[in-house]
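Asker:
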Amino acid sequence: MNLLTVRVFMGSKVVHQFLGMCTTSGKTCGTASEIFAKMNSTLEEHGIPWENCVGLSVDNAAVNTGSRNSIASRVLQKHPNTYIHGCPCHVAHNTAKAAGGGFYKVSGFDLEDMVVDIGYWFKGSTNRKGYLAEFCELHEAEYMEVFLHISVRWLSLERCVTRILRLYEPLASYFKSESMIRMKASMFYGKRVSAQPHVRPPSEDSEDSCLSDSAGSDEEYVPKPGDEESSSESDMSSSDEKCVPKPGVNADFLLNG
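So, in structure tokens, the structure goes:
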């Protein structure tokens, strides 16, 4: 289906009128020749000559606006003075995007990148969506799913920005809390986060022995005399005592982080 509408001058006013669907079928239904033939027959049925065509507005696909084998090239053969200006929606979007690029140079803030980052942050994560729902309850706001914006589907940008603005307070609180949790965790586990290779694991008397990773040690473990005689129950009890999280550390971050 190829909707054909016209804006015609009738007396002292401009009238917007729907002419037909210009339906095509078969293997060549999407070619410029088939679509233009339908357009031409529809205009002839309504008694509109191509010489009266001032401009042509179509989507910017190659089949529509190509320089050689397209609908636009066939229209120009009928009436060379026709103005081909493509899709006005794309023109408006490209203009706004160029203005946004100038805003980014001044402020360093890219709105589209922020929308994409927020969308992918919550995509596929049930835990993150659940935490956001809790912050929505805290702010007495209705929980709504964060939309995912893809640059090719540029019409979705407005919907994504509108949704973020409606969830602004819960989102702001959520990301502030997330950054605080990560900061505290990096302070507590800083030695493990920034650990260098070939570091000898801590001794058994260390409080952090339950979280140490002996894979970074180059030295081969040599059992001490009497180690094999120790019972498994004593090992389990000692490891349980050492693996208790310290006060002030959010243990949920370790599971969901």
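The opening position of the sequence shown corresponds to residue 1 in my numbering, with each subsequent residue numbered one higher.
Every residue gets a Cβ at the ideal spot worked out from N, C-alpha and C, and that includes glycine.
In three-state DSSP terms, what is H46?
Answerer: Three-state DSSP puts H46 in coil, outside helix and strand.
Asker: On a Cα-Cα basis, can you pick out the residue from I71, R68, E145, E137 that is closest to F122?
Answerer: Comparing Cα-Cα distances from F122 to each of I71, R68, E145, E137, the minimum goes to E145.
Asker: Helix, strand or coil for G55, going by three-state DSSP, please let me know.
Answerer: Strand.
Asker: What separation, rounded to the nearest whole angstrom, lies between the Cα atoms of S67 and I48?
Answerer: Their backbone Cα atoms lie some 25 Å apart in a straight line.
Asker: Taking the DSSP output, what are the residues bridged to L4?
Answerer: Answer is G20, bridged to L4.
Asker: Should the segment 165–173 be regarded as contacting the segment 132–152, the criterion being three or more beta carbon pairs within less than 8 Å?
Answerer: Contact holds: three or more Cβ-Cβ distances are below 8 Å.
Asker: Got a sec, what are the start and stop residues for the alpha helix (DSSP H) L155 sits in?
Answerer: Element bounds for L155: n/a, residue is neither H nor E.
Asker: Between which two residues does the alpha helix (DSSP H) carrying T82 extend?
Answerer: First-last for T82: undefined, no H or E at that position.
Asker: Tell me which same chain residues have a C-beta within less than 7 Å of the C-beta of E51, skipping the five on either side of it?
Answerer: Here the set comprises H79.
Asker: Could you check if C29 is buried or exposed, using at least 16 other CB atoms within 10 Å of its CB as the buried criterion?
Answerer: C29 comes out exposed.
Asker: Can you give the beta carbon distance from C22 to T42, rounded, assuming they're within the 8 Å contact cut?
Answerer: Indeed they touch by this definition, with Cβ atoms about 6 Å apart.
Asker: Taking the beta carbon of F109 as the centre, do at least 16 other beta carbons fall within 10 Å, making it buried, or is it exposed?
Answerer: Flag for F109 reads exposed.
Asker: Please report how far the alpha carbon of I35 lies from the alpha carbon of L19, in whole angstroms.
Answerer: About 14 Å.
Asker: Counting along the chain, where does the alpha helix (DSSP H) carrying T95 start and finish?
Answerer: Note, T95: alpha helix (DSSP H), 88–107.
Asker: Around the Cβ of R163, are there at least 16 other Cβ atoms within 10 angstroms (buried) or fewer (exposed)?
Answerer: Label assigned to R163: buried.
Asker: Within this structure, are the beta carbons of A32 and N69 separated by less than 9 Å?
Answerer: Closer than 9 Å, so yes.
Asker: When you compare the CB positions of A72 and V91, do they come within less than 9 Å of one another, or not?
Answerer: Against a cut-off of 9 Å, the Cβ pair of V91 and A72 comes out as no contact.
Asker: Quick one: is H260 buried, meaning 16 or more other Cβ sit within 10 Å of its Cβ, or exposed?
Answerer: Residue 260 lies beyond the residue range present for the chain, which begins at 1 and ends at 257; the question has no answer from this structure.
Asker: Flag this pair as yes or no: are the beta carbons of K38 and N2 separated by less than 9 Å?
Answerer: The answer is yes: Cβ separation under 9 Å.
Asker: Alpha carbon to alpha carbon, how far is M114 from V15?
Answerer: Answer to the nearest angstrom: the Cα atoms are 42 Å apart.
Asker: Ignore the nearest five residues each way along the sequence and tell me which others in T65's own chain have a CB closer than 7 Å to its CB.
Answerer: Cβ within range, chain order: V58, A72, I84, G86.
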